[in-house]
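S.K.: Next up is a structure, given as C-alpha cells.
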C-alpha cells in the first residue's frame with residue numbers, strides 16, 4: 084500500500100553529472116524532475132482513477148521525450164597528450180554543442196588524421212604515419228587497412244615525408260583526400276587505398292588540412308599555424324574538385340584561437356563544423372576548439388572546447404547531389420534531436436514510478 088508521500092523533496096535530487104550538461108540541459112532536466120514529483124504527489128494524495136493516471140503517464144513520457152538537441156561527430160585525437168597510449172589516436176564520439184566525449188576505442192594507428200563516412204555510413208580514415216587508408220570500427224575504434232589487414236601503406240605514397248591528410252566522400256561515393264603539406268588533392272580508391280593526384284602538386288595553392296563536401300560544393304579549411312608558430316592560412320576555401328584549385332571564401336575570424344590542423348564536416352542539416360587542434364601552440368597545449376562556420380563568408384564562432392589534439396571530424400554520410408541549397412548560410416544551430424542518457428534515465432524512472440503507483444491504487 085502506498086503512503087501519502089512520494090519520496091520527492093526539495094533539494095533531494097542532485098544531478099551528479101550536471102558539470103557535463105549545458106546549463107540549458109541541466110535546468111530543463113531539473114524542471115521536468117520537479118514537475119514529475121508534483122504529479123506523483125497528486126496521484127498519491129488524491130488517488131486518481133486509472134484513466135486519469137494513464138493520461139498523466141502519457142504527459143510525463145511526452146515531457147521526457149522532449150529532448151535537448153545534439154550534433155554528434157567522430158574525432159581522433161591524433162595529437163593527444165594523455166600518458167595512457169590507449170587514449171591517444173583513439174576514436175571518440177564528440178557532442179559538438181558542449182564538447183562532451185565518449186571513448187570508443189584505440190585505433191591501432193599512430194597518426195590517424197582524417198575521418199569520413201561513406202554513403203553506407205561506414206567510417207574511414209587516413210593515417211599519415213603509415214600512409215594507409217583504413218576502415219574504422221564505430222563499435223571498437225579499431226582500424227584496419229582497406230584491401231585487407233596486410234595492405235598497409237596502401238596509398239602508394241612515400242613513407243619518408245608527412246603529408247597531413249583530410250578526407251571526405253562526395254554524393255556519388257567518391258572519396259577525396261587532401262594533403263596540406265603538398266597542397267594537393269587526390270582521388271582515393273576505396274577498394275585498394277591507392278591515391279591518384281588530381282592536377283599538379285601544389286595546385287590548391289593553399290595548405291588545406293581538411294575537406295567537407297555537400298551536394299556539388301566542396302570546402303576546405305586551412306592550416307592555422309606554420310611550424311615556427313606564425314599564422315599560416317586560418318581560412319575557409321571553396322574547392323573545385325575537377326581542377327584541384329581553391330578559392331578563398333574568407334578568414335575564420337577573431338573568435339578562433341591559434342591552431343595547428345583541423346577537421347571539417349557538414350552535419351545532416353547543412354551546418355558546417357570544424358574542430359581545431361591546439362596542442363603545441365606558441366602559448367602551450369590547449370583543448371581543441373569546436374567551431375561553427377558560415378560557408379558564405381568563412382566567419383566562425385566558437386561553440387565549445389573538447390579533448391586535446393583532435394584534428395579530424397566526421398558527422399554524417401554524404402548528402403544528396405542536389406543538397407547545395409540546403410547549406411545553412413548562417414551559424415545558427417540546426418540540431419538533430421536524440422534521446423540522451425539523462426532524458427532516457429528520467430523516462431525509465433517516470434515509467435516505473437507511475438506504474439508502481441497505478442499498481443498500488445488498484446488495491447483500493
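Residue numbers (the numbering used here): 84 to 447.
Every residue gets a Cβ at the ideal spot worked out from N, C-alpha and C, and that includes glycine.
Name the two residues that bound the continuous beta strand (DSSP E) containing residue 262.
M.R.: Segment 258-262, the beta strand (DSSP E) holding residue 262.
S.K.: Taking residue 262 as the reference, give the member of 342, 192 and 346 with the closest Cα.
M.R.: With distances taken between Cα atoms, residue 262 lies closest to 346.
S.K.: By the DSSP assignment, the beta strand (DSSP E) with residue 192 in it spans what residues?
M.R.: From DSSP, residue 192 is part of no beta strand (DSSP E); its letter is neither H nor E.
S.K.: Distance, Cα to Cα, residue 396 vs residue 249?
M.R.: Straight-line Cα distance between these residues: approximately 9 angstroms.
S.K.: In terms of DSSP beta bridges, what is residue 369 paired with?
M.R.: Looking at the DSSP assignment, residue 369 forms no beta bridge with any residue, so it has no partner.
S.K.: Given 8 angstroms as the limit, is there contact between the stretch 384-393 and the stretch 164-181, that is, 3 or more CB pairs closer than that?
M.R.: At 8 angstroms Cβ cutoff, the stretches touch.
S.K.: Counting only runs that start and end within the stretch 203-240, where is the beta strand (DSSP E) found for 3 or more residues in a row?
M.R.: Runs of the beta strand (DSSP E) inside the stretch 203-240: 206-210, 215-219 and 226-228.
S.K.: Within 10 angstroms of the Cβ of residue 222, are there 16 or more other Cβ atoms? Answer buried if so, exposed if not.
M.R.: Classification for residue 222: exposed.
S.K.: Determine the DSSP secondary structure at residue 168, reduced to helix, strand or coil.
M.R.: Residue 168: helix per DSSP, three-state reduction.
S.K.: Count the other CB atoms within 10 Å of the CB of residue 401; is the residue buried (16 or more) or exposed (fewer)?
M.R.: It is buried - the Cβ of residue 401 has at least 16 other Cβ atoms within 10 Å.
S.K.: Just the C-alpha distance for residue 204 and residue 257, rounded to the nearest angstrom, thanks.
M.R.: Cα to Cα, the separation comes out at about 14 angstroms.
S.K.: Once DSSP output is grouped into helix, strand and coil, what is the label at residue 314?
M.R.: Looking at residue 314 - three-state DSSP - the assignment turns out to be strand.
S.K.: Using a 10 Å radius around the Cβ and a threshold of 16 neighbouring Cβ atoms, would you call residue 107 buried or exposed?
M.R.: Low local confidence applies: a pLDDT of 43 at residue 107 is under 50, so the model's placement there is unreliable, with the coordinate-based value given in what follows. Result: exposed.
S.K.: Output needed for residue 382: all residues of its chain with C-beta closer than 6 angstroms, excluding positions within five of it in sequence on either side, in chain order.
M.R.: Around residue 382: 336.
S.K.: Starting from the C-beta of residue 227, find all residues in its chain whose C-beta is less than 7 angstroms away, skip the five residues before and the five after it, and write them out in chain order.
M.R.: 217 and 218.
S.K.: Hey, is the stretch 225-239 in contact with the stretch 287-299, meaning 3+ C-beta pairs nearer than 8 angstroms?
M.R.: With a cut-off of 8 angstroms, the stretch 287-299 and the stretch 225-239 do not count as touching, because too few Cβ pairs lie within range.
S.K.: Grouping DSSP H, G and I as helix and E and B as strand, with all else coil, what is residue 450?
M.R.: The displayed coordinates of the chain run from 84 to 447. Any statement about residue 450 would go beyond what the structure contains.
S.K.: Based on Cα-Cα distance, which residue from 281, 282, 260 and 266 lies nearest to residue 273?
M.R.: When only C-alpha atoms are compared, the closest one is 260.
S.K.: Between the Cα of residue 220 and those of 158, 255 and 407, spot the shortest distance and give me the residue it belongs to.
M.R.: Looking at the Cα atoms, 158 is the closest of the given residues.
S.K.: Determine, using beta carbons only, whether residue 332 and residue 319 come nearer to each other than 7 angstroms.
M.R.: Closer than 7 angstroms, so yes.
S.K.: Please determine, among 359, 265, 354 and 195, the residue with the shortest C-alpha to C-alpha distance to residue 343.
M.R.: For residue 343, the nearest C-alpha among the options comes from 359.
S.K.: In whole angstroms, give me the CA-to-CA distance for residue 357 and residue 189.
M.R.: If I take the Cα positions, the gap works out to 22 angstroms.
S.K.: Tell me which same chain residues have a C-beta within less than 7 angstroms of the C-beta of residue 174, skipping the five on either side of it?
M.R.: Same-chain partners within the cutoff: 157, 159, 187, 188, 190, 219 and 224.
S.K.: Count the other C-beta atoms from every protein chain shown that fall within 10 angstroms of the C-beta of residue 361, then say buried if there are 16 or more, exposed otherwise.
M.R.: That one is buried.
S.K.: Which same chain residues end up closer than 6 angstroms to residue 198 when comparing Cβ atoms and leaving out the 5 residues on each side of it in sequence?
M.R.: Around residue 198: 157, 208, 395 and 397.
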